[in-house]
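First residue of the sequence shown? That's 1 in the UniProt record's numbering, and the numbers climb one at a time after it. Ideal placement from N, C-alpha and C gives every residue a C-beta, glycine not left out. On a predicted model such as this, the values are computed, not experimentally measured, just so you know.
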Amino acid sequence: MSDSPTTTPTARSWRDIPQQITPRAMSREGRRRLTARTLRNIALVVTGVSLACGSWLVWNVLQDDPNRWAAAANSRPVEHIVVETDGVLDQAWVEATLQIPRDVGLMELDLYALRERLLAHRQVKSAVLKREYPDTLRVVLEERTAVVKLKAQLAGAELRDFLVARDGTVFAGHGSLAQEQTDLPWLAGVRLVPAGDGFEPLGHIDRLADLLATARTDAPLLYADWRIVSLEHIARDGHIVVRSARVPEIIFGLREDFYTQIARLDYILDEIRGRAVAPMRSINLAIGPAQVPVAMDLPPPVSGADRGVPSVRFPLHN
């Protein structure tokens with residue numbers, strides 16, 4: 001009888017025992033070191049990006065004008081101011097407005113502050129100032145042009161004439177502009193709102209400018225008689241009222257193009273000129289193309305006669 005082989009059990013160690021151990025929490029000092037390392041890395045990245053951007057800007061400036069830095073180091077006083085404008089402001093006006101001291105170097109100029117001095121005059125719509133080395137300042141102006149004029153009074157000042165541009169800006173004319181606008185009609189029926197050293201821009205001037213430009217271009221003889229234009233009823237009724245030397249009241253509407261209305265007005269005036277026995281009081285072009293009401297002023301009637309104001313309607317054929 002043989003003995004069965006003896007099986008020796010495998011020895012076990014403490015490593016085979018399942019262990020559940022919570023990881024040790026980071027200490028306060030460890031967190032501080034981690035935060036400092038993260039911030040240092042971010043600062044290095046930001047510094048690198050800033051250096052790269054600065055290098056690119058320097059390279060770009062040098063590419064545009066390699067002599068710029070040399071000029072900055074050896075800046076000369078401004079000797080010449082070159083003015084370019086689409087209006088009437090001249091060299092003398094620009095120099096008086098900028099008031100640049102004679103001993104100030106070209107690179108010392110605060111172009112932003114000088115630009116604000118020019119824009120403080122509302123006749124100037126935009127201004128661009130450029131340094132041209134070694135001693136020249138170039139000023140490029142875009143000016144507003146006037147479409148009508150009005151009388152107004154600023155606080156503490158006397159009643160004076162102002163001009164109104166297409167964008168509604170109210171400004172005092174400088175240079176020859178103030179003298180050349182004698183043919184402009186006067187503006188009525190608006191409310192001026194003070195703002196700073198001037199007034200808020202007026203509304204609806206763009207539509208009025210379209211009417212005046214059409215009349216001036218296509219019917220200059222009619223336009224020459226226009227004395228006053230009123231916007232009193234434009235917001236409520238869509239009407240622009242013109243007072244001319246020949247007709248006290250001509251009403252234009254916004255629903256129809258101005259060229260057609262002016263052509264209709266010219267036709268009516270020609271028709272009435274040959275047969276009217278009384279002056280015209282009103283022509284209403286805003287009603288439409290079919291018929292145009294025309295009111296007449298007759299002499300005072302004889303005692304006992306009808307005192308009604310005559311009104312005729314002109315049938316127009318398109």
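Within the segment 234–261, the runs of alpha helix (DSSP H) at least 4 residues long that lie entirely inside it are, in chain order, 234–237.
Contact check for V229 and I268: beta-carbon distance about 19 Å, past the 8 Å limit, so the pair fails to qualify. From the listed residues E249, E84, A92, the smallest Cα separation to L265 is found for E249.
Linking D110 to R131 through their CA atoms gives a straight-line distance of about 11 Å. Assignment of beta-bridge partners to M280 by DSSP yields M296. Taking the Cα positions, G48 is about 11 Å away from S55. Beta-bridge pairing by DSSP links K151 to D161. Between K151 and L159, the C-beta spacing is below 9 Å. The DSSP-derived three-state label of E116 is helix. Contact fails between the segment 142–150 and the segment 96–103, because fewer than three Cβ pairs, one in each stretch, are under 8 Å apart. Taking C-beta separations shorter than 6 Å and ignoring five residues to either side along the sequence, the partners of A209 in its chain run V147, R166, following chain order. For secondary structure counted as the beta strand (DSSP E) over 3 or more consecutive residues, the segment 166–213 holds these complete runs in sequence order: 186–188. Taking the C-beta atoms as reference points, V170 is found nearer than 9 Å to P201. An exposed status is given to Y112, since fewer than 16 other beta-carbon atoms sit within 10 Å of its beta-carbon. In the three-state scheme derived from DSSP, where H, G and I count as helix and E and B as strand, P77 is classed as strand. R138 is bridged by DSSP to V82, K130. Sorting G30, M296, R37 by C-alpha distance to the C-alpha of A278 places M296 at the top.
Ranked by how close their Cα comes to the Cα of E142, the residues R191, G87, A195 have G87 in first place. For the pair D135 and V78, the CB atoms are nearer than the 9 Å cut-off. Annotated three-state conformation of R144 is coil, per DSSP. For a cut-off of 8 Å, the C-beta gap from G173 to Q91 is around 18 Å, too long to register as a contact. Q291 carries a strand assignment under DSSP once its states are collapsed to helix, strand and coil. Excluding sequence positions up to five before and after V82, its CB lies within less than 8 Å of the CB of E132, T136, L137, R138, V139, all in the same chain and listed in chain order. Scanning H204, D197, D183, Q181 for the CA closest to the CA of R191 turns up H204. By DSSP's assignment, S230 forms a beta bridge with A188, V241. Distance check between R227 and each of L89, L184, V104, R40 places L184 closest, using alpha-carbon atoms only.
Boundaries of the alpha helix (DSSP H) harbouring A96: 91–98, taken from the DSSP string. G156 carries a coil assignment under DSSP once its states are collapsed to helix, strand and coil. DSSP places G274 within a helical segment (H, G or I) once states are collapsed to three. Close CB contacts of S75 within its chain, under the 6 Å cut and outside five residues either way in sequence, are with G105, L106, M107 (chain order).
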